[in-house]
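Structure first, then comments.
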Amino acid sequence: MMSVSTQDTAIRTGRVTRALIYLVLLLFGLFYLLPLYVMVVNSVKPLDEITGGGMMNLPRVFTLEPWAKAWSSAQIGVDPTGLQPYFWNSIKMVVPAVAISTVLGALNGYVLTKWRFRGDTILFGLMLFACFIPFQIVLIPMARMLGLMGLAGTTWGLVLVHVVYGIGFTTLYFRNYYAVFPTELIRAAQIDGAGFFQIFWRILLPSSGPIAVVSIIWQFTNIWNDFLFGASFAGADSQPMTVALNNLVQSSTGVKEYNVHFAGAILAALPTLLVYIVAGRYFVRGLMAGSVKG
Amino acid sequence: MAHTADADFKTRLQNLLPKLVLSPSLAMVLVFVYGFIIFSVYLSFTDSRLLPSFGWVGWENYSKLWRLSHWEISLRNMGVFAALYISICTVLGLGLAIFLDQKIRAEGMIRTIYLYPMALSFIVTGTAWKWFLDPGIGLENVLQTWGWESFRFDWIKNRDYAIYTVVLAAVWQTSGFVMAMFLAGLRGIDNEILKAAQMDGASNWNLYRRIIIPQLRPAFLSAFVILSHLAIKTFDLVIALTGGGPGRATELPATFMYSYTFSRNQMGIGAASATIMLMTIAAIMIPYLYAELREKK
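From first to last, the protein sequence lines stand for chains A and B. The working numbering numbers the first residue of the first sequence as 897 and each following residue consecutively. The working numbering numbers the first residue of the second sequence as 159 and each following residue consecutively.
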C-alpha cells in the first residue's frame, strides 16, 4: 500500500455527498479490479467451469494445472514448450537494455545540465522527440540495419533497439533531476582539481538513487511490455513473453483453453506488477524530486 | 606561467570529454531516429514492395493510399477511438482525482488499485478483456446463466460496436494514470485562495469551476498530449483484443501500416502511412516540446 499523507484541502463536504463519493470510488475500484479478478479466478479452475458459464464464480475445483501448462507445456507456435523459454528470453533482453539505457541516460543528463554548451537544448529536444515518434516510421530501416549488423533475430538486436528508443526518456529523467542539483558544488570540486568523471562518480552518483529507480522502473516496464519490436525483429529463440502470449491466445488450432490463457497472461504481467507493487511509491517519489523546475 | 604540453592536452581533453560522452547517444539518435525517418519518408516515394527498392514514383503511394477503403476505415476508426479515448480518460481522470482529493480514507490503497493497469502489457489487457467480453463465455453468457436470458452483449463480435470495446479496454488501462496527473495538479493548488473564496461565500461547485479547474491547465495539456500520442500509437491492444476485426471494424493506422508492410508486401504504401502517422504526432508534440523546453531557460 502506498502511504503518502493526504494533503489538507479547503473543500468541505456534507455527509450525503461524502457517502456518494465513497460509493463512486468503490465502484471504480471494482471496475479496475474486475479483469484481474477474472484472470486470477479463471486461471485456477478446470476449463469446463468456464465454458459452462461460471466465469465470474470462484472455482468449485481448485487446480494449478493451467499454470503448469502455461509455464511448461502449452503449444506456442509449433512447439509445446509453454511460456517458460520466452520468459527467459524477455529477462535476457530486459536486463542489459535497462542497465545500458539508464547508464547512458545518467551520463547524458549530467552533461546536459552541468557541462552545458551552445545548442545543448536543441540536441536534448531532438532526443526527447525521439521518444514520441510512432515506431512504425523506423520499422523498415531498422529491420535492414539489424540485418546489416548481423543482429537480425537476436536478443542483442532487441537490446540495441530498446536502448536506442529508451535513452530519450532516461536522459529526460536524469536531466530534470540533475537540473536542481546545486551547480556550486560542481564548480567547487572543479577548483579543487576534480575531473569530469570524478565529479560524476563522487558527487552526483551518490545522490542519484531516487531517479535511478524511476529510470529503471520506467524502462523495465516499457521494455518488458513491448510487443511491436518483439513481433517485428525477434527470431525463433529471442521472442519475448508478450509475443509468445499473443501466439498462445490467438492460436486457432485445438480447443481454446481459456484457463491456460489467463494463467499465461498473469505470468506475463507478474514481473511488472511486482515491480509496481514493491517499488511504485519510489517511482512517484523520485518523479516528484525531479519535477521541481530549476 | 608556462603550460607544459601535457597539462595543455589534459585541459583540452577535459573540455572535450562532456561532448565525447554525449556523442554515442547522439549518434544513435541521429542515425536510428532521424536517419531512419528520412529513409522511410524516402521509401514512401518509391516502388518498394516486398523489399526496399529505389525506383522513384513521386506521390503515387500517397494517392493510392487515400483511395484505399482499408485506409479510410482505419482513419475513421482512429477518429472515433481517439475522440472517445481522450475525452473519457480526461473526464474520468479529473472526476476521480477530485473525488480522491476529499480527504478520503485509504487513499493510498485506492490509488494503487486505480493505477496498476498502467503496469500491464497491452497484450495482457487485451487477453483479459477479449475473453471477458466474449459472448460465448464472458459477460453475456454469465448473465444468461444467472437467469437474465434475454441479455445480449456481443459488441466485440459486432462490426458496428467493436471499436467501442477497444475504447473500453484502453480507458481501463490509462484512466488511472490520468487521474494521478490531475491529482498531482490538485495537490499543487494554494489553499489560501480557496479559503478566501469560501469566506466570500463561494459554493464548492463554483470553487471548482471558477478557481480550481482553470488552474489545472498544465495538467490538461499534458494529459491531452500524452493521450493523443498513445492513441495514434495504439497497436498491441487491437492485435490482442480483436486482431483488427471483425472484418476491418477495429483496424487503426498502426495495424494498417503493419499489415501493408509485412504481410501484403506493399512497403511503399506502408511507408506512406507511417509518414502520415509521424506528421500527425509531430504536429502535436513539436509545439508542446518547444514550449516546455523554452520555459525552463
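Even glycine gets a Cβ: it sits at the ideal position worked out from N, Cα and C.
Contacts of residue i in chain A (Cβ-Cβ under 7 Å)
i: B:Met415; result: Gln1032
i: B:Gln172; result: Gly1091 and Phe1092
i: B:Lys391; result: Pro1030
i: B:Ile271; result: Gly925, Tyr928 and Leu929
i: B:Val325; result: Result: empty, since nearest Cβ-Cβ is about 14 Å, beyond 7 Å.
i: B:Ala241; result: Near B:Ala241 there are no residues of chain A at all, since even the closest Cβ is about 19 Å away, more than 7 Å.
Per DSSP, cross-strand counterpart(s) of residue i
i: A:Gly1021; result: Note: A:Gly1021 sits in no beta bridge, so no partner.
i: B:Gly403; result: In the DSSP output, where bridge partners are listed per residue, B:Gly403 has none listed.
i: B:Asp394; result: DSSP output for B:Asp394 lists no bridge partner at all.
i: B:Thr204; result: B:Trp214
i: A:Gly1049; result: A:Ala1130
i: B:Asp348; result: Looking at the DSSP assignment, B:Asp348 forms no beta bridge with any residue, so it has no partner.
i: B:Ile371; result: According to DSSP, B:Ile371 bridges with nothing at all.
i: A:Ile972; result: A:Asp975
Residue i, buried or exposed, once every other Cβ within 10 Å from all chains shown has been counted against 16
i: B:Phe167; result: exposed
i: B:Asp348; result: exposed
i: A:Met897; result: A caution first: A:Met897 carries a pLDDT of 31, below 50, which makes its placement in the model unreliable, though a value can still be read off. With fewer than 16 other Cβ atoms within 10 Å, it is exposed.
i: B:Ser232; result: buried
i: A:Gln1094; result: exposed
i: B:Tyr448; result: exposed
i: B:Ser227; result: exposed
i: B:Ile244; result: buried
i: A:Phe1096; result: buried
i: A:Phe1179; result: buried
i: B:Glu230; result: exposed
i: A:Gln1146; result: exposed
i: A:Asp1122; result: buried
i: A:Arg1071; result: buried
i: B:Leu201; result: buried
i: B:Ala165; result: exposed
i: A:Ser1087; result: The residue asked about is misnamed: residue 1087 of chain A is Ile in this sequence, not Ser. Its Cβ having fewer than 16 others within 10 Å, A:Ile1087 is exposed.
Beta-carbon neighbours of residue i, restricted to chain A and to distances below 8 Å
i: B:Gly401; result: Gln1146
i: B:Gly296; result: Met951
i: B:Gln108; result: With chain B covering only 159 through 455, there is no way to say anything about residue 108 of chain B.
i: B:Tyr274; result: Tyr928, Leu932, Leu1169, Tyr1172 and Ile1173
i: B:Gly334; result: Tyr928
Within chain B, partners of residue i - CB distance below 8 Å
i: A:Tyr1073; result: Correct list: empty, because the minimum Cβ distance to chain B is about 13 Å.
i: A:Ile1082; result: Per Cβ cutoff of 8 Å: no residues; A:Ile1082 is ~12 Å from chain B at best.
i: A:Arg1014; result: Result: empty, since nearest Cβ-Cβ is about 11 Å, beyond 8 Å.
Inter-residue Cα distance where the pair is residue i and residue j
i: B:Gln302; j: A:Ala1175; result: 42 Å
i: A:Ala1075; j: A:Thr1009; result: 6 Å
i: A:Leu919; j: B:Asp259; result: 15 Å
i: A:Val1156; j: B:Trp287; result: 15 Å
i: A:Val934; j: A:Ser1103; result: 43 Å
i: B:Ala354; j: A:Ile907; result: 12 Å
i: A:Gly1126; j: B:Asn362; result: 50 Å
i: A:Gln1135; j: A:Phe983; result: 9 Å
i: A:Ala1084; j: A:Arg1098; result: 13 Å
i: A:Leu1044; j: A:Gly948; result: 53 Å
i: B:Ile246; j: A:Arg914; result: 23 Å
i: A:Phe1031; j: A:Arg956; result: 46 Å
i: A:Ser969; j: A:Leu1144; result: 11 Å
i: A:Gly910; j: B:Tyr220; result: 60 Å
i: B:Gln172; j: B:Met415; result: 47 Å
i: A:Leu1163; j: B:Ala338; result: 27 Å
i: B:Ala389; j: B:Leu341; result: 22 Å
i: A:Leu926; j: B:Ile271; result: 9 Å
Short CB-CB distance (under 9 Å) between residue i and chain E
i: A:Phe983; result: Any reference to chain E falls outside this structure, whose protein chains are A and B.
Interface partners of residue i on chain B, CB under 9 Å
i: A:Asn1142; result: Ile281, Gly284, Thr285, Asp394, Ile397 and Ala398
i: A:His1058; result: Chain B residues near A:His1058: none, gap ~11 Å exceeds 9 Å.
Residue i, DSSP secondary structure in three states
i: B:Asp358; result: coil
i: B:Asp259; result: coil
i: B:Trp287; result: helix
i: A:Ser899; result: Residue confidence for A:Ser899 is low, a pLDDT of 35 falling below 50, so the modelled location carries little weight; the figure read from the coordinates is stated next. Note: A:Ser899 maps to coil in three-state DSSP.
i: A:Ala1175; result: helix
i: A:Val1188; result: Because A:Val1188 sits at a pLDDT of 43, beneath the cut-off of 50, its placement in the model cannot be relied upon, and the following sentence gives the value as read from the coordinates. A:Val1188 falls in the coil class under three-state DSSP.
i: B:Lys455; result: Annotation note: pLDDT 48 at B:Lys455 (below 50); position unreliable, coordinate value reported separately. The answer is coil: DSSP assigns B:Lys455 none of H, G, I, E or B.
i: A:Ile1029; result: coil
i: A:Met952; result: coil
i: A:Glu945; result: helix
7 Å Cβ cut-off: residues of chain B touching residue i
i: A:Trp1011; result: Pro176
i: A:Phe1028; result: His387, Ile439 and Met443
i: A:Ala1161; result: Val282, Thr285 and Ala286
i: A:Pro1037; result: Phe194, Phe197 and Ser198
i: A:Leu1042; result: Simply none; closest approach about 11 Å.
Cross-chain neighbours of residue i in chain A, by beta carbon under 9 Å
i: B:Ile427; result: Chain A residues near B:Ile427: none, gap ~12 Å exceeds 9 Å.
i: B:Leu436; result: Ile1029, Pro1030, Gln1032 and Ile1033
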